[in-house]
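In this note's numbering, the protein residues as written are 21 to 307.
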Amino acid sequence: MAEKDCYISALEKKLAEMSGIEVDQIRKNQLASAADEAKSIKEMADYVAGITVQQTAKAAQPSVLNPQIALMFDHIKAELGEEKGSHSLPPLQYDYAALEPHISGMIMEIHHTKHHQGYINNLKAAAAKLAEAEVSNDIAASNALYAALKFNGGGHLNHTIFWTNMAPNTSNGVPQPTGELLQAIEKDFGSFEKFQGDFTAASVAVKGSGWGWLGYCPRGDKLRVVTCQNQDPLQITHGLVPLLGLDVWEHAYYLQYKNLRPDYVKAFFNVINWENVASRYAKAKAK
Ligand code: MN3
């Protein structure tokens, strides 16, 4: 962890040197406390545009490319089948209004067509810059792009998983997991209700903007509930395979639930697609 922090702070310093953007401003662009996603997306677009690729190696070049850049694109390819730089908005498997009354059609439409699309636009811009940096063998500029690749690549990945984690509720009650997934939940959390409590508490408690997750730990063969800030991708952040994610950025619920995040998290449980979660679990376990 400390090594990672050290690496990040070295990157920030390098980026500040190269781009003329102050470290504080760079941190701000990591959007630790941003609540307004649209504004964040615009800021990130400016941030990517502000990075200049050097044609000649004027500054001392770091010799190591941040390996998380390749990992980010590997995870996107595994989820969406997309090659680096060629990304598009995946269609939903249900109508925007199909999750009502739990999540309104207006939220779903804006969230999908504006917010998710915004991440994709920025990811493509960042990937194009990365390709330029690779051609010039400008490792510093490549590494400097990681914040933007993580934020927008993470946004693309997280939202893609999130849409598939939900489905219209065809019953009257709260849908429940079954089979091996249910057994694993009971083994690792005690009961489904206990899991629901843990997931809810963690998601509600995310400070500012972020995500609540149920993830699979391959090393311990264990399910875990964790949270991520901003659009940080679960696998890169915690080493867990994402099974079930909940967007708790305010834009995901404000139009319907105002500031009542707990009500939104409760409503989410009515539209969880446990079949999708179970198939992700089976795939993760089989690896
Ligand atoms: Mn969102």
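All residues carry an ideal CB built from backbone N, CA and C; glycine is no exception.
Quantities reported herein were computed from a predicted structural model and do not represent experimental measurements.
CB-CB under 8 Å to residue i, same chain, minus the five flanking residues each way: which ones, in chain order?
| i | result |
| --- | --- |
| Q88 | Y166, K170 and I256 |
| V73 | K149, E152, A153, S156, D158 and A161 |
| E206 | F212 |
| Q196 | L202, F212 and W294 |
| K286 | T220 |
I need the DSSP call for residue i, collapsed to helix, strand or coil.
| i | result |
| --- | --- |
| K278 | coil |
| I89 | helix |
| W233 | strand |
| D267 | strand |
| S53 | Reliability fails at S53, whose pLDDT of 37 lies under 50, so the model's placement of it is uncertain and no value is given. |
| I71 | coil |
| I292 | strand |
| V84 | coil |
| L243 | strand |
| Q249 | strand |
| V226 | coil |
| V155 | helix |
| V194 | coil |
For residue i, verify whether its CB is less than 8 Å away from any heavy atom of the ligand MN3.
| i | result |
| --- | --- |
| A58 | no |
| D267 | yes |
| H176 | no |
| H122 | no |
| H131 | yes |
| A272 | yes |
| H179 | yes |
| H107 | no |
| H258 | no |
| H95 | no |
Where does residue i land, buried or exposed, given buried means 16+ other C-beta within 10 angstroms?
| i | result |
| --- | --- |
| P111 | exposed |
| R281 | buried |
| G101 | exposed |
| N163 | buried |
| Q216 | buried |
| R239 | exposed |
| E213 | exposed |
| D94 | exposed |
| S60 | buried |
| N86 | buried |
Can you round the beta-carbon distance between residue i and residue j to whole angstroms, since I take them to be within the 8 Å contact cut?
| i | j | result |
| --- | --- | --- |
| N185 | Y139 | Rounded, the Cβ-Cβ distance is 17 Å, inconsistent with contact. |
| W231 | G265 | 5 Å |
| V224 | N290 | Contact flag wrong, Cβ pair sits at about 16 Å. |
| Q251 | G174 | 4 Å |
| F219 | L243 | That belief does not hold up - the Cβ atoms of F219 and L243 are roughly 10 Å apart, past 8 Å. |
| H107 | K144 | 6 Å |
| V68 | N141 | Going by Cβ atoms, the distance from V68 to N141 rounds to 10 Å, so no, they are not a contact pair. |
| H373 | E57 | No information on residue 373 is available, as it lies outside the stretch 21 to 307 that the chain covers here. |
| I96 | L177 | 6 Å |
| K104 | A147 | 6 Å |
| V261 | A302 | 11 Å between Cβ atoms; not a contact. |
Which residues in the same chain have their Cβ closer than 6 Å to the Cβ of residue i, if we skip the five residues on either side of it in sequence?
| i | result |
| --- | --- |
| Y114 | P188 |
| N279 | none |
Among the residues of its own chain, which have a CB less than 7 Å from the CB of residue i, if the five just before and after it don't count?
| i | result |
| --- | --- |
| L275 | S124, M126 and I127 |
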